[in-house]
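Take a look at the structure set out below.
What follows is the structure, encoded as structure tokens:
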């Protein structure tokens, strides 16, 4: 029987045997790598169990897990970081370049009240006359004293078309309520577009979002039409943003 097997069939059998051998070797390599990963994860789970059973107080397991994830990512390089879901959600809002809200920039002041830094021109807050230094003392009837800026932003933002009622305290006036309809608020990232003299243009990029390149091209076109042949690009206090946006900005100036 074996004497009747043609040469080309032997070649096929040998090739099949080689493929099977390589596949098995690859499977063993993958399995070994998986086993090593699981053994490392087992160490982490053992630590979590030990902390939960032995620490003097009841630990917050969510904080422990997030802390472990943060430590894991930070070992990669100085620029990698783990974002908790809440932070990642806020980051997504900024990088998309818009959100549903009132159109005000706020901060927590030393007296514990949420204070308006400035209304954004053209937004619902601006049209209703909200002013810098106004204090938001209630949101939907709930006392807003000593709540964090993040918590206040969470309460004030929402789906465009929905309403929110805030109580404003302003110097020399009694507190008053404003019911504001939320709108889609664009995040303008290219600001201060102007000519410093006959040939030098200027603008600032506050952060790098999905809409920044469009704003950048518009600013460049405007300045070029006014005779610009050199540019001051102000990146001070820019926290960064989307990597592909930063790369596209570089392409506008570096061949």
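In my numbering, the protein residues as written are 855 to 1109. From the three backbone atoms N, C-alpha and C, an ideal C-beta is built for every residue, glycine too. Keep in mind the model is a prediction, meaning the values are calculated, not measured.
Rounded to a whole number of angstroms, what is the C-alpha to C-alpha distance between residue i and residue j?
{"i": "residue 953", "j": "residue 1036", "result": "10 angstroms"}
{"i": "residue 900", "j": "residue 1093", "result": "38 angstroms"}
{"i": "residue 931", "j": "residue 1011", "result": "34 angstroms"}
{"i": "residue 1029", "j": "residue 1071", "result": "44 angstroms"}
{"i": "residue 933", "j": "residue 1097", "result": "12 angstroms"}
{"i": "residue 1001", "j": "residue 1046", "result": "33 angstroms"}
{"i": "residue 985", "j": "residue 943", "result": "28 angstroms"}
{"i": "residue 1005", "j": "residue 1039", "result": "19 angstroms"}
{"i": "residue 927", "j": "residue 921", "result": "10 angstroms"}
{"i": "residue 1016", "j": "residue 1087", "result": "38 angstroms"}
{"i": "residue 1171", "j": "residue 1064", "result": "Because the chain here runs from 855 to 1109, residue 1171 falls outside it and cannot be looked at."}
{"i": "residue 896", "j": "residue 1019", "result": "50 angstroms"}
{"i": "residue 909", "j": "residue 891", "result": "27 angstroms"}
Can you check which of these residues, the options, is closest to residue i by C-alpha distance?
{"i": "residue 919", "options": "944, 936 and 908", "result": "936"}
{"i": "residue 1089", "options": "957, 1060, 1097 and 1107", "result": "1060"}
{"i": "residue 1003", "options": "1033, 958 and 934", "result": "958"}
{"i": "residue 993", "options": "983, 1102, 968 and 1045", "result": "968"}
{"i": "residue 924", "options": "941, 1025 and 913", "result": "941"}
{"i": "residue 1066", "options": "1052, 1043 and 1086", "result": "1043"}
{"i": "residue 950", "options": "926, 1095 and 986", "result": "1095"}
{"i": "residue 797", "options": "956, 988 and 989", "result": "The chain is shown only over 855 to 1109; residue 797 falls outside these bounds and no answer can be derived."}
{"i": "residue 962", "options": "1025, 980, 1007 and 945", "result": "1007"}
{"i": "residue 917", "options": "898, 938 and 907", "result": "938"}
{"i": "residue 1023", "options": "927, 987, 912 and 1102", "result": "987"}
{"i": "residue 1099", "options": "1058, 1077, 1085 and 1068", "result": "1068"}
{"i": "residue 1077", "options": "1101, 1052 and 1091", "result": "1052"}
{"i": "residue 1091", "options": "1079, 1085, 1062 and 1084", "result": "1062"}
Hey, residue i and residue j are a contact pair by Cβ (cut 8 angstroms); roughly how many whole angstroms apart?
{"i": "residue 1041", "j": "residue 1021", "result": "Residue 1041 to residue 1021, Cβ: 26 angstroms. No contact."}
{"i": "residue 974", "j": "residue 960", "result": "Not really, about 11 angstroms apart at Cβ, beyond 8 angstroms."}
{"i": "residue 1032", "j": "residue 982", "result": "6 angstroms"}
{"i": "residue 913", "j": "residue 905", "result": "6 angstroms"}
{"i": "residue 1054", "j": "residue 1084", "result": "5 angstroms"}
For residue i, which residues does DSSP report across the bridge?
{"i": "residue 1062", "result": "1095"}
{"i": "residue 1105", "result": "Answer by DSSP bridge pairing: none, since residue 1105 is not bridged."}
{"i": "residue 1019", "result": "1033"}
{"i": "residue 920", "result": "Per DSSP, none; premise fails for residue 920."}
Is residue i helix, strand or coil when you go by DSSP?
{"i": "residue 929", "result": "coil"}
{"i": "residue 1044", "result": "strand"}
{"i": "residue 1027", "result": "coil"}
{"i": "residue 910", "result": "coil"}
{"i": "residue 971", "result": "strand"}
{"i": "residue 985", "result": "coil"}
{"i": "residue 1088", "result": "strand"}
{"i": "residue 1053", "result": "coil"}
{"i": "residue 955", "result": "strand"}
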